[in-house]
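Single-structure report; data block below.
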Amino acid sequence: MTKKERFKKIFPILKEKFGEPKAALEFETPYQLMVAVILSAQCTDVRVNIVTKELFKVVKEPADIREMKQETLEKYIKSTGFYKNKAKNIKLNAEMMLDKYKDIIPKKLEELIELPGVGRKTANVVLGELWNIREGIVVDTHVKRLSNRIGFVKNDNPEIIERELMKFIPKKYWFIYSHYLILHGRNKCIARKPKCEICEIRNYCKYNEKI
DNA sequence: CTCCCGATAT
DNA sequence: ATATCAGGAG
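Note that UniProt numbering has the first sequence beginning at 1, numbered continuously upward.
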């Protein structure tokens, strides 16, 4: 079976399982979503939501972050991990948002990743979530792991993986498919001990063949 | 490539 | 105890 054929087998199974998943991150303003995604690095959405529930009571726009002391911000976000880096980046991010972008989050990937704390993964999520702009495939640790296990790629570099996946996955499925892989990676194809024996897509997975 | 770093599952 | 988690910056 070619990669494209296997994709066409796997996709409906995951679609049946996950449907149209809505955003797991909670927010009111677009700026809040960007902050939430920055906080979600190496951290679960559940944890981010616990933190932002309090933080977003006082932070709606970049100006609110400018007025907040960095130490105060650190206390709010401490439990998300990497809190000093994140706090510093969010402060710098707010300054650039105010000075350069006049509070308007840029809609171009190249501009978005210029903002402190915003890399390729974060930018893709923000664009997709806020404006349905799906220019790329979100390749995080889950998409990386599952793509290699399934046998879609043999590579560790997120940008190369993204390009390889783009070759055989129709563009309209890019965003939703990465979302499916992430969900499947969290509850079944977990990093340490994948549950191949109860996996719905095992018949189309190279990793399962080896076991 | 290394550092950042707390929470959670195993 | 330890691996791992919806990454990004230097």
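Note that beta-carbon positions come from the ideal geometry of N, C-alpha and C, so glycine has one too. Predicted, not measured: the structure shown is a model, and the values here were computed from it.
Looking at residue i: is its Cβ nearer than 8 Å to the Cβ of residue j?
{"i": "isoleucine 10", "j": "isoleucine 201", "result": "yes"}
{"i": "isoleucine 150", "j": "lysine 206", "result": "yes"}
{"i": "glutamine 32", "j": "phenylalanine 82", "result": "no"}
{"i": "alanine 87", "j": "glutamate 74", "result": "yes"}
{"i": "valine 46", "j": "serine 40", "result": "no"}
{"i": "glutamate 164", "j": "phenylalanine 152", "result": "yes"}
{"i": "leucine 14", "j": "tyrosine 204", "result": "no"}
{"i": "histidine 142", "j": "isoleucine 198", "result": "no"}
{"i": "asparagine 208", "j": "cysteine 196", "result": "yes"}
Going along the chain, which residues of its own chain have a beta-carbon closer than 7 Å to the beta-carbon of residue i, five neighbours each way excluded?
{"i": "lysine 17", "result": "Glu200"}
{"i": "isoleucine 169", "result": "Phe7 and Tyr177"}
{"i": "aspartate 103", "result": "Glu61, Pro62 and Met97"}
{"i": "valine 125", "result": "Val37 and Val138"}
{"i": "lysine 100", "result": "none"}
{"i": "threonine 80", "result": "Leu39, Cys43, Arg47, Val48, Val51 and Lys86"}
Apart from the five residues just before and just after residue i, which ones in its own chain have a Cβ nearer than 6 Å to its Cβ?
{"i": "methionine 96", "result": "Leu115"}
{"i": "proline 106", "result": "Leu112"}
{"i": "lysine 91", "result": "Gln70"}
{"i": "asparagine 89", "result": "Pro116 and Gly117"}
{"i": "cysteine 189", "result": "Leu146"}
{"i": "phenylalanine 175", "result": "Gly128 and Arg134"}
{"i": "aspartate 140", "result": "Lys121"}
Check the C-beta distance from residue i over to residue j and give it rounded, since I have them as a contact under 8 Å.
{"i": "arginine 145", "j": "glycine 185", "result": "6 Å"}
{"i": "phenylalanine 35", "j": "threonine 122", "result": "According to the sequence shown, residue 35 is valine rather than phenylalanine. With a Cβ gap of about 10 Å, valine 35 and threonine 122 do not count as contacting."}
In the structure shown, what three-state DSSP assignment does residue i receive?
{"i": "arginine 134", "result": "coil"}
{"i": "serine 79", "result": "helix"}
{"i": "lysine 53", "result": "helix"}
{"i": "cysteine 43", "result": "coil"}
{"i": "glycine 19", "result": "coil"}
{"i": "phenylalanine 7", "result": "helix"}
{"i": "aspartate 156", "result": "coil"}
{"i": "arginine 202", "result": "helix"}
{"i": "isoleucine 65", "result": "helix"}
{"i": "valine 48", "result": "helix"}
{"i": "aspartate 103", "result": "coil"}
{"i": "valine 58", "result": "helix"}
{"i": "isoleucine 176", "result": "helix"}
If I measure Cβ to Cβ from residue i and keep anything under 8 Å in the same chain, skipping five residues before and after, which residues do I get?
{"i": "tyrosine 76", "result": "Val51, Glu54 and Leu55"}
{"i": "asparagine 155", "result": "Asn148, Ile161 and Glu164"}
>> I'd like to know if the segment 48-59 and the segment 25-35 are in contact, where contact means that at least 3 CB-CB pairs between them fall below 8 Å.
In response: yes
> Any chance the segment 122-131 sits against the segment 87-95, with 3 or more Cβ pairs inside 8 Å?
Replying inline: no
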